[in-house]
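Number of protein chains: 2
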Amino acid sequence: MAPADSNRPQLEIRSVNLDTGRENVVVISRQSKALRAEIFRGFSRVELRRNSKALLATLLITDDDSLVGPGEIGLAEPALRRFAEPAGSLVTVTPATPPESLEAVRSKIRGQSLSAREITAIVGDLTHYRYSDMEIAAFLIGSASFMTSDELIALTGAMAQAGTQLKWTDPIVVDKHCIGGIPGNRTSMIVVPIVAAHGLPIPKTSSRAITSPAGTADTMEVLARVNVGADEMKAIVAACNGCLVWGGHVNLSPADDILISVERPLSLDTREQMVASIMSKKLAAGSTHLLIDMPVGPTAKVTNGTEAMRLRKLFEFVGDRFEIAVEVITTDGRQPIGNGIGPVLEAQDVMAVLANEPTAPNDLREKSLRLAAHLLEFDPKLRGGSGYARARELLDSGAAMKQMQKIIDAQGPSDCRTELSELTHNVLADRDGVVSGIDCLQMNRLARTAGAPLDKGAGIRLLKKIGDRVETGEPLYRIYAFDPSQHDLAVASSRLASGYTIENPKLLQGLTKP
Amino acid sequence: MAPADSNRPQLEIRSVNLDTGRENVVVISRQSKALRAEIFRGFSRVELRRNSKALLATLLITDDDSLVGPGEIGLAEPALRRFAEPAGSLVTVTPATPPESLEAVRSKIRGQSLSAREITAIVGDLTHYRYSDMEIAAFLIGSASFMTSDELIALTGAMAQAGTQLKWTDPIVVDKHCIGGIPGNRTSMIVVPIVAAHGLPIPKTSSRAITSPAGTADTMEVLARVNVGADEMKAIVAACNGCLVWGGHVNLSPADDILISVERPLSLDTREQMVASIMSKKLAAGSTHLLIDMPVGPTAKVTNGTEAMRLRKLFEFVGDRFEIAVEVITTDGRQPIGNGIGPVLEAQDVMAVLANEPTAPNDLREKSLRLAAHLLEFDPKLRGGSGYARARELLDSGAAMKQMQKIIDAQGPSDCRTELSELTHNVLADRDGVVSGIDCLQMNRLARTAGAPLDKGAGIRLLKKIGDRVETGEPLYRIYAFDPSQHDLAVASSRLASGYTIENPKLLQGLTKP
Chain E
54 MAPADSNRPQ LEIRSVNLDT GRENVVVISR QSKALRAEIF RGFSRVELRR NSKALLATLL
114 ITDDDSLVGP GEIGLAEPAL RRFAEPAGSL VTVTPATPPE SLEAVRSKIR GQSLSAREIT
174 AIVGDLTHYR YSDMEIAAFL IGSASFMTSD ELIALTGAMA QAGTQLKWTD PIVVDKHCIG
234 GIPGNRTSMI VVPIVAAHGL PIPKTSSRAI TSPAGTADTM EVLARVNVGA DEMKAIVAAC
294 NGCLVWGGHV NLSPADDILI SVERPLSLDT REQMVASIMS KKLAAGSTHL LIDMPVGPTA
354 KVTNGTEAMR LRKLFEFVGD RFEIAVEVIT TDGRQPIGNG IGPVLEAQDV MAVLANEPTA
414 PNDLREKSLR LAAHLLEFDP KLRGGSGYAR ARELLDSGAA MKQMQKIIDA QGPSDCRTEL
474 SELTHNVLAD RDGVVSGIDC LQMNRLARTA GAPLDKGAGI RLLKKIGDRV ETGEPLYRIY
534 AFDPSQHDLA VASSRLASGY TIENPKLLQG LTKP
Chain F
54 MAPADSNRPQ LEIRSVNLDT GRENVVVISR QSKALRAEIF RGFSRVELRR NSKALLATLL
114 ITDDDSLVGP GEIGLAEPAL RRFAEPAGSL VTVTPATPPE SLEAVRSKIR GQSLSAREIT
174 AIVGDLTHYR YSDMEIAAFL IGSASFMTSD ELIALTGAMA QAGTQLKWTD PIVVDKHCIG
234 GIPGNRTSMI VVPIVAAHGL PIPKTSSRAI TSPAGTADTM EVLARVNVGA DEMKAIVAAC
294 NGCLVWGGHV NLSPADDILI SVERPLSLDT REQMVASIMS KKLAAGSTHL LIDMPVGPTA
354 KVTNGTEAMR LRKLFEFVGD RFEIAVEVIT TDGRQPIGNG IGPVLEAQDV MAVLANEPTA
414 PNDLREKSLR LAAHLLEFDP KLRGGSGYAR ARELLDSGAA MKQMQKIIDA QGPSDCRTEL
474 SELTHNVLAD RDGVVSGIDC LQMNRLARTA GAPLDKGAGI RLLKKIGDRV ETGEPLYRIY
534 AFDPSQHDLA VASSRLASGY TIENPKLLQG LTKP
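Given below as structure tokens:
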């Protein structure tokens, strides 16, 4: 401990009943014996120390002794939990020295590239909550303009090593990942039971929705508990060959979650950060073989073949360096996959496909079979080219559904509200014609406005897809919402832009139903 | 108001006793009738609305009804002051929509340049506290890599127009500004009384220290009140021809202060942002003629002639576009100017020069005369080339000191503690030789560690300057501190790096005392 600390009075920890999200916040009295008010200012950063333990936090100052007295320091959630010292423990408080790795961030902003050591230091400080939001933003934006191949590799590796790292004894552990952007598209929940039924281990961790109306974790939660820790997850995979759990609870690549928490409000989205994010999670998950689903379409994340190829090569490059066999396939990203958008509606689609119901959405079934086929081909025991037939056999025979039930039982019941929302509104065609386009961005926006994913039963059910003929006044899709104000907003938004393009079929001779 | 708002319950404003610096913070009960807890998260951004009034704020959530009840919303300082509605007033709360101008910030990050309209919108949102820290960082870093000339002009103009704009009836209103970085260097406090004594109006507003141990406002505050509003400032200038007040109180270019509050913790420093910052303040201050002091030296902000020329041209370019006559002079930035570093010590230097004391630091005197000479030459009534003689006459005759006393009396007494710190420590030469270098950065750091500028009496008094002969054990400078722990830290830091380079005089034949 620095010599100066011995002079500093100590403060007693107490809890203050404030929830400050993921930011560490502490409250100190303006009359505190331990701080000189003129040095500490509201919202400045301070460092708490007790023995060898340290925590960086944002400071609030109060004059209310009943909240925090002069001899105390109030810790809000999550600071109290993270510092993990009981109330009454003594701590010293000093103005925070910014994390040393911030110097590297400044170099990056000035246009220099970073060494692996610098990047590891940055990721370490991120993971230990030493960066403020604005410092995280500085790193992200500094890296957004360019990132060298070496930086990308270093970032991916450092992020993978900064949290839980799952190890498997099986020689082949497969995984799949979609880069996102397409509403519906819950293929994992069909692919995992097919592949697991075949016998290949597929320990799938998924994210919750970040900017979309449903992530796989949100949708699986309609059917089963997804907040599963690493040890329990291993037991489930040992019993079922697969699982469908929330990655956040397993603590894979926590730095990635922290970066995403700033990327999201700033709507930052760069190729390198996407690849580092996905690959760090897969590395930490211990996958050996990875299939990337890359939808391409006018309103998808990837809009053309050139961009698709560049992104594919970036995934392959990182995969090769970390010895993960990566296969990237481009898929049809012109419209939503399946009919439901929103957790409950998507779960209904998934179960309909697994149950081989005649009304099940065929695009979701076919895409899932195609992805499962690619994954099954990773099995050296399977005859080359027979992946699709095997996938179909497992789905049609009910083996996949049986496996899904086994996984659901192993993960246990969910405690969240899973009924469909009651307030509905049909959006109607305003002309006769053929559906020639569905705007994925607008469909995501409408489903979120209606309340998804926080309301699991909110969202959109598509009644028409590209290539379908429609007549004026015929319903295109149905909006589901619980909250009247959200219902009204979604309806108002659909009036401004339905998201559907309907054209005169005579002008669409070349268009075939996908 | 959007239709959805009519459905939203309203919350009663109450004050919560928390000081949150410059960030708007509100507290809501987790049981609040007005928010659905799953949508609002701790530290997310919310928007308060009452009639046409709106405020963006960071949200904290509490379960403590005594702090904030379910029907209430707690506003911390400064949110309460800025929203300016009495306790008990009803407001609605919604998740905040990020300010629209953020879309332009994202374009900038993607490499596009911005239109004047976009920049004006950004500056408007900044000034109205609609940007979070991380959004401000996004703008700064997005602009740090490049800024076009048009963007620079638009930013300068928009910032100047976003706050108070002083107007003067005099045809010539002069001003000076140093780009900073050199410890000591309190020339404004000598130049202003000289120029004012001559009769040219010089309404000087200065900043407080940002990363240095003393700004002119901090040092002037040792002698007089500097928190002077715009109207009062005008009256002082009418009576004295000049003033030395804190710019922050006058609210000139408030967006600049907001940008600086993020630049500082991130240590961002780009030429364009520096020029926009300085020129927006001068434009808002109504100056017609501006002298820029640009110190050049190995540890100054500008380290070589090439960089000095580029920066000079940038100042001239912006000056020309806004019709301010800008003159930039490069000055010796190899070492501190004067002997004191820290508000009280620097004020002592200034008063010694104004009083023509024989022990007054000659470098501070000569530099001030040179700057005053340039400013006096802006007076069309003065014979070309006679500026220096006139400045010296006003200083030597005591006219400048008399003018300074008049300004001090007009601004009124300061209420801050102005004695010199009692804890002192001499840093000694560790060899015989000649001082060949003094590290400005290290001297700034030491003086800040000792407590300056928050402790006005803390800092450093230099006892040797470049060219001085020293013997082993002879004092180089003295550290002053109030706080024992800060004293110890500064002493420890001086042991690691004294900041002085001492060389064998035989190797320094070419060196002349500056």
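Going line by line, the protein sequences match chains E and F. Per my numbering, the first sequence starts with residue 54, numbered consecutively. Per my numbering, the second sequence starts with residue 54, numbered consecutively. All residues carry an ideal CB built from backbone N, CA and C; glycine is no exception. Quick caveat: nothing in here was measured; it's all calculated off a predicted structure.
Assumed close pair residue i, residue j - CB separation to whole angstroms, cut-off 8 Å
i              : j              : result
Y182 (chain E) : L109 (chain E) : 7 Å
T477 (chain E) : I532 (chain E) : 7 Å
C493 (chain F) : T352 (chain F) : 4 Å
V146 (chain F) : I81 (chain F)  : 7 Å
D508 (chain E) : L424 (chain E) : Actually they do not touch by this definition, with Cβ atoms about 29 Å apart.
L344 (chain E) : G372 (chain E) : Incorrect: roughly 11 Å between the Cβ atoms, too far for contact.
P568 (chain E) : Q84 (chain E)  : Here chain E has residues from 54 to 567 only, and residue 568 (chain E) is not among them.
A191 (chain E) : I194 (chain F) : 6 Å
From the options, residue whose alpha carbon lies closest to that of residue i
i              : options                        : result
F199 (chain E) : E:R163, E:A215, E:A169, E:H342 : E:R163
V279 (chain E) : E:Q464, E:P152, E:V487, E:T412 : E:Q464
I235 (chain E) : E:G386, E:P433, E:H427         : E:G386
E188 (chain E) : E:L276, E:T150, E:L219         : E:T150
A545 (chain F) : F:T258, F:D508, F:A500         : F:A500
Q495 (chain E) : E:Q326, E:I513, E:E156, E:L507 : E:I513
W221 (chain F) : F:V349, F:A511, F:A288         : F:A288
N77 (chain F)  : F:S97, F:R83, F:P62, F:E399    : F:S97
A378 (chain F) : F:E360, F:M332, F:E410         : F:M332
E524 (chain F) : F:R498, F:A505, F:P558, F:S538 : F:P558
H540 (chain E) : E:T554, E:Q326, E:R418, E:R498 : E:R498
G141 (chain F) : F:A291, F:L64, F:L516          : F:L64
N409 (chain F) : F:D462, F:R374, F:R103, F:S450 : F:S450
H251 (chain E) : E:A511, E:N294, E:T264, E:L128 : E:N294
T258 (chain F) : F:V275, F:G301, F:L549         : F:G301
Cross-strand partners of residue i (DSSP beta bridge)
i              : result
I347 (chain F) : The amino acid occupying residue 347 (chain F) in the given sequence is Met; Ile does not appear at that position. Its beta-bridge partners are F:T383.
H478 (chain F) : F:I532
Y553 (chain F) : F:I491
P256 (chain F) : F:C296
A449 (chain E) : Looking at the sequence itself, residue 449 (chain E) is Asp, so the reference to Ala does not match. Beta-bridge pairing links D449 (chain E) to no other residue.
H230 (chain E) : E:I345
Sub-7 Å separation of residue i and residue j beta-carbons
i              : j              : result
L101 (chain F) : I311 (chain F) : no
V245 (chain E) : I232 (chain E) : no
T272 (chain F) : P396 (chain F) : yes
A157 (chain F) : A215 (chain F) : no
F535 (chain E) : S474 (chain E) : yes
A453 (chain F) : L422 (chain F) : no
V281 (chain E) : L253 (chain E) : no
G95 (chain F)  : G95 (chain E)  : no
R522 (chain E) : V487 (chain E) : yes
A292 (chain F) : I461 (chain F) : no
A267 (chain E) : W299 (chain E) : no
L481 (chain F) : G520 (chain F) : no
V248 (chain F) : L428 (chain F) : yes
E399 (chain F) : R261 (chain F) : no
T217 (chain F) : L305 (chain F) : yes
The ligand ATP heavy atom lying under 6 Å from the CB of residue i
i              : result
E138 (chain E) : Among the components modelled here there is no ligand, and therefore nothing to report on the ligand ATP.
Using a beta-carbon distance cut-off of less than 9 Å, what residues from the segment 176-190 of chain F approach chain E? S185, D186, M187, E188, I189, A190
Against chain F: residues of the segment 109-125 of chain E by CB proximity under 7 Å: L113, I114, T115, D116, D117, L120
Pull out every residue of the segment 63-93 of chain E whose Cβ sits closer than 9 Å to any Cβ of chain F, in chain order. V69, N70, L71, D72, T73, G74, R75, E76, V78, V80, R83, R89, E91, I92
Taking only beta carbons into account, state which residues of the segment 299-321 of chain E come closer than 9 Å to chain F, listed in chain order. V315, P318, L319, S320, L321
Taking Cβ-Cβ distances below 9 Å as the criterion, which residues of the segment 197-209 of chain F are in contact with chain B? Structure shown: chain B not included; protein chains present are E and F.
Near-chain F residues of the segment 94-105 of chain E - C-beta to any C-beta below 8 Å: R94, G95, F96, S97, R98
Along the segment 146-177 of chain F, where does the CB come closer than 9 Å to a CB of chain E? Name the residues. P151, L155, E156, V158, R159, I162, R163, G164
Anything in the segment 217-234 of chain E with a Cβ closer than 7 Å to a Cβ of chain F? List those residues in chain order, please. none
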